[in-house]
Amino acid sequence: MFENVDIMTAMVTPFNDQNQVDEDRLIKLIEHLILTGSKGILVNGTTGESPTLNHSEKLNLIKKTVAIVNGRVPIMAGTGSNNTMETIDFTNEVAAITGVDAALVVVPYYNKPNRKGMIAHFEAVANASKLPIFIYNIPGRTGVTMTVETIVKLSNNNHIIGIKDCTGSENLSRIVEQTPDDFLVYTGEDTDSLTAKILGASGVISVASHIFGIEMTKMYQAVQDGNIKLAGDIQRELTPKMAALFSLPSPGPAKAALNYKGILVGGCRLPIEALTENEINQLVKILKI
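Structure follows, in structure tokens:
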């Protein structure tokens, strides 16, 4: 299902002026993403402010996303937590929504499990889940790093089909090299988008594709065409812009940029604050939108 997906957008959750999930804005956002090159959508991820959504909001958001997408691109849903049994239960609730193709399960945060605990957690989730699983390695948010050796071990579980990894190009290279050929490897770092592709990864699960999907699509097409110079030119042009989208707590900058472009997605829920007017002006200047 995800074999031809190189750019997957970790979608923001659109809110209305009362900070509630807005279906009309969700429709416009999804149409924008598909039109500008997103070949897959991750819903209810960190960028979607999942920690601030309650249980029913998460399920409704996923259901609405599936209905709007209507099979046009694959859908991954964030279902992970630091509670193994809760993760299993929620993943199987999401599995009952026809049209969800996989679950993204983050390394347990705050608990800080060791290697044995991580393996036990992911194998328990994968073996009990009715959805294929992507594991999510993001030590900057979880407080603990999943080693390459642990990832390789988990990649041999038939229910675990891929990874979103945010530990840099050196680890990404080792993961691609040491996991099965059909194991789908994505970087979660926009600035590593080109490096990941050249290393043999599937692509990127991206925030920047909200704004620069067309340019990123052109970059990956250049790689496919063998025009590495053009691909490098595009990545170098995008790198400071991608970095700017994480210059303040995410998804604040991405939402501000979308709103500025007229794709209304509202603000963020606390504890993430909306950007000030001065911060928006500085962001727009860097993004050149």
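Numbering (the numbering used here), first residue to last: 356 to 644. All C-beta atoms in this analysis are idealised placements derived from N, C-alpha and C, irrespective of residue type, glycine included.
Give me the Cβ distance between R458 and T434, rounded to the nearest whole Å; I'm assuming they're in contact under 8 Å.
Along the sequence shown, one-based indexing puts residue 458 at 103. Along the sequence shown, one-based indexing puts residue 434 at 79. Sequence inspection shows Ala at residue 458; the Arg mentioned does not correspond to that position. Indeed they touch by this definition, with Cβ atoms about 4 Å apart.
Taking the CB atoms as reference points, tell me whether N437 and L416 lie closer together than 9 Å.
In the sequence shown, residue 437 corresponds to position 82, counting from 1. In the sequence shown, residue 416 corresponds to position 61, counting from 1. Taking 9 Å as the Cβ cut-off, N437 and L416 do not qualify as a contacting pair.
If we ignore side chains and look at the alpha-carbon of each, how far apart do I566 and K419 end up?
Translated into the one-based positions of the sequence shown, residue 566 becomes position 211. Translated into the one-based positions of the sequence shown, residue 419 becomes position 64. Spanning the two alpha carbons is a distance of roughly 22 Å.
DSSP beta-bridge partners for M363?
Along the sequence shown, one-based indexing puts residue 363 at 8. As a beta-bridge residue in DSSP terms, M363 pairs with G395, I560.
Threshold first: 3 residues or longer. Then list the beta strand (DSSP E) segments lying entirely within the stretch 452-531, N to C.
Complete beta strand (DSSP E) runs here, min 3: 457-461, 488-492, 515-520.
DSSP three-state call for K400: helix, strand or coil?
For the purposes of this step, residue 400 is taken as the residue at position 45 of the sequence shown. Contrary to the premise, residue 400 reads as Gly rather than Lys in this sequence. For G400, the secondary structure class from DSSP, reduced to helix, strand or coil, is coil.
Check whether the Cβ atoms of G517 and E544 sit closer than 9 Å, and answer yes or no.
Position 162 of the sequence shown holds residue 517. Position 189 of the sequence shown holds residue 544. In this structure, E544 does not lie closer than 9 Å to G517 by Cβ.
Can you tell me whether S510 is buried or exposed? The criterion is at least 16 other CB atoms within 10 Å of its CB, across all chains shown.
Locating residue 510 in the sequence shown gives position 155, where the first residue counts as 1. Burial check for S510: the Cβ neighbour count within 10 Å reaches 16 or more, so the residue is buried.
Buried or exposed: which applies to Q533, given that a residue is buried once 16 or more other Cβ atoms fall within 10 Å of its Cβ?
On the sequence shown, residue 533 is found 178 positions in, with the first residue counted as 1. Counting every other CB atom within 10 Å of its CB across the protein chains shown gives Q533 a total below 16, marking it as exposed.
Proximal residues to A365 (C-beta, below 6 Å), its chain only, five neighbours per side dropped:
As a first step, residue 365 is located in the sequence shown; it is residue number 10 there, counting from the start. Hits under 6 Å: L397, G400, T402, I560, V562.
Counting Cβ pairs, one atom from each stretch, are 3 or more of them under 8 Å apart for the stretch 599-609 and the stretch 570-587?
The stretch 599-609 vs the stretch 570-587: no contact.
L613 versus L619: straight-line alpha-carbon distance, rounded
Position 258 of the sequence shown, counting from 1, holds the residue named residue 613. Position 264 of the sequence shown, counting from 1, holds the residue named residue 619. Distance from the CA of L613 to the CA of L619, rounded to the nearest whole angstrom, comes to 6 Å.
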